[in-house]
Amino acid sequence: EKQLNESIEQVAKEIVEDSVERVDFIRGIEQGFDKGFNKYLSSLPKGLIPVKVVAITCVCLSVGGGVVFALWNQPPDITSVTANPSIFNPGENSTITCVASDPDGDTLTFRWSATGGNITGAGNQVTWTAPSAPGNYTIKVTVSDGKGGTAKGSCMVSVVPPPSVLARSPSSLNFGSVRKGYKGSRTFEVWNSGGGSLSYSLSEGYGWLSLSPTSGTSTGEHDTIKVYINTSGLSVGSHSATISITSNG
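Quick note on the working numbering: the sequence shown kicks off at 5 and runs consecutively.
So, in structure tokens, the structure goes:
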């Protein structure tokens, strides 16, 4: 309830000029109304007055012994906007949910937008598909009650590159039967079969075997690793070795 000390004519004028929708106007005690107020009332459709939508349900104007009540629409209220999941890889989906209500019990509609990616579905729950570019994205929603009342909300989601995955082929090398003093080489490939950048290093603990290169990075390209052997210091018989590859994926 708000008591206004200004002239009714000025108050009524401000209400008319600032109004955004029409609502029911309930007239109370009519004695003592200022002529200026009645002048503005007479220019409006009978029983109606436009008023500005605010977050209260009633305003009381008390002037000269007369009391006038104006009732108007209340905007919707958004409780939460959430994403599940909120962190994921490019091309993956997230369910976006808006929990909202309306004090007047009006039916709500939802309008969605995003700073990237693709939104499918309608209503208070939609599906957002992540774009190919990693980064943070904002998903926005505007809730409307169909009577001029709106509320806005948003949530942020993060798109991260898929993890890097170490791959190599072939998984073993066979030099076959060779003579003592043999020097030769074989090759295999190392690459990143996942996302992002893979860093790797190779090691071995044998004096008759060497590798080149012994480290590298890959964002998907295949790197060729050469394995050299020198059997000069080996005894006759079968020999095997293990090459270790360590990486961040």
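We put the CB at the ideal spot given by N, CA and C, even for glycine.
Sort the options by Cα distance to residue i and report the nearest one.
{"i": "V163", "options": "S117, S244 and W132", "result": "W132"}
{"i": "Q129", "options": "D149, N88, E96 and N93", "result": "N88"}
{"i": "S90", "options": "G241, S236 and N140", "result": "N140"}
{"i": "D81", "options": "T228, G109 and G220", "result": "G109"}
{"i": "S173", "options": "G237, I247 and I233", "result": "I247"}
{"i": "G209", "options": "S197, I233 and S203", "result": "I233"}
{"i": "L206", "options": "D106, P138, T124 and S251", "result": "S251"}
{"i": "Q78", "options": "G121, S148 and V103", "result": "S148"}
{"i": "S219", "options": "Y204, V169, R190 and A126", "result": "Y204"}
{"i": "S242", "options": "S216, N178, K230 and V145", "result": "N178"}
{"i": "A171", "options": "W76, S105, P107 and I229", "result": "I229"}
{"i": "G150", "options": "A126, L202, D106 and T235", "result": "D106"}
{"i": "S222", "options": "S216, L202, V231 and S214", "result": "L202"}
{"i": "N196", "options": "G127, F92, L215 and P165", "result": "P165"}
{"i": "G237", "options": "V231, G253, T191 and L213", "result": "L213"}
Between the alpha carbons of residue i and residue j, how many angstroms are there, rounded?
{"i": "H226", "j": "V194", "result": "6 Å"}
{"i": "G188", "j": "S176", "result": "16 Å"}
{"i": "S98", "j": "P167", "result": "19 Å"}
{"i": "L112", "j": "G224", "result": "48 Å"}
{"i": "T142", "j": "T86", "result": "11 Å"}
{"i": "M160", "j": "T101", "result": "12 Å"}
{"i": "S239", "j": "A134", "result": "59 Å"}
{"i": "G200", "j": "S136", "result": "12 Å"}
{"i": "P94", "j": "P138", "result": "7 Å"}
{"i": "F114", "j": "N122", "result": "16 Å"}
{"i": "A245", "j": "Y186", "result": "16 Å"}
{"i": "T235", "j": "G211", "result": "10 Å"}
{"i": "V145", "j": "T124", "result": "13 Å"}
{"i": "E96", "j": "T119", "result": "16 Å"}
{"i": "W116", "j": "G198", "result": "32 Å"}
{"i": "V103", "j": "V169", "result": "39 Å"}
{"i": "T191", "j": "V231", "result": "6 Å"}
{"i": "G253", "j": "T83", "result": "40 Å"}
In this structure, does DSSP put residue i in helix, strand or coil?
{"i": "S236", "result": "helix"}
{"i": "G188", "result": "strand"}
{"i": "Q129", "result": "strand"}
{"i": "R183", "result": "coil"}
{"i": "N252", "result": "coil"}
{"i": "T124", "result": "strand"}
{"i": "V164", "result": "coil"}
{"i": "I247", "result": "coil"}
{"i": "W1", "result": "It is not possible to answer for residue 1, since the shown part of the chain is limited to 5 through 253."}
{"i": "N140", "result": "strand"}
{"i": "D110", "result": "coil"}
{"i": "S197", "result": "coil"}
{"i": "G36", "result": "Only weak support exists for where G36 lies, its pLDDT of 40 falling under 50; the value from the coordinates is given anyway. Coil, per DSSP."}
{"i": "S256", "result": "Because the chain in this structure spans residues 5 to 253, residue 256 falls outside the shown range and cannot be described."}
{"i": "S84", "result": "strand"}
{"i": "S158", "result": "strand"}
If you follow the beta strand (DSSP E) that residue i is part of, which residue opens it and which one closes it?
{"i": "K151", "result": "That residue, K151, is in no beta strand (DSSP E); it is neither H nor E in DSSP."}
{"i": "Y204", "result": "L202 to S207"}
{"i": "W212", "result": "Per DSSP, W212 belongs to no beta strand (DSSP E) and is neither H nor E."}
{"i": "L170", "result": "L170 to S173"}
{"i": "T113", "result": "T113 to A118"}
{"i": "S90", "result": "Premise fails: S90 is in no beta strand (DSSP E) and is neither H nor E."}
{"i": "S219", "result": "S219 to S222"}
{"i": "A104", "result": "N97 to S105"}
Within 7 Å (strictly less), CB to CB, does residue i reach chain B?
{"i": "S105", "result": "Checking the listed chains, one finds no chain B in this structure; it contains a single protein chain."}
Exercise for review: Report yes or no: do three or more beta-carbon pairs, one from the stretch 177-187 and one from the stretch 143-161, lie closer than 8 Å?
Suggested key: Under the Cβ criterion (8 Å, minimum of three pairs), the stretch 177-187 does not count as touching the stretch 143-161.
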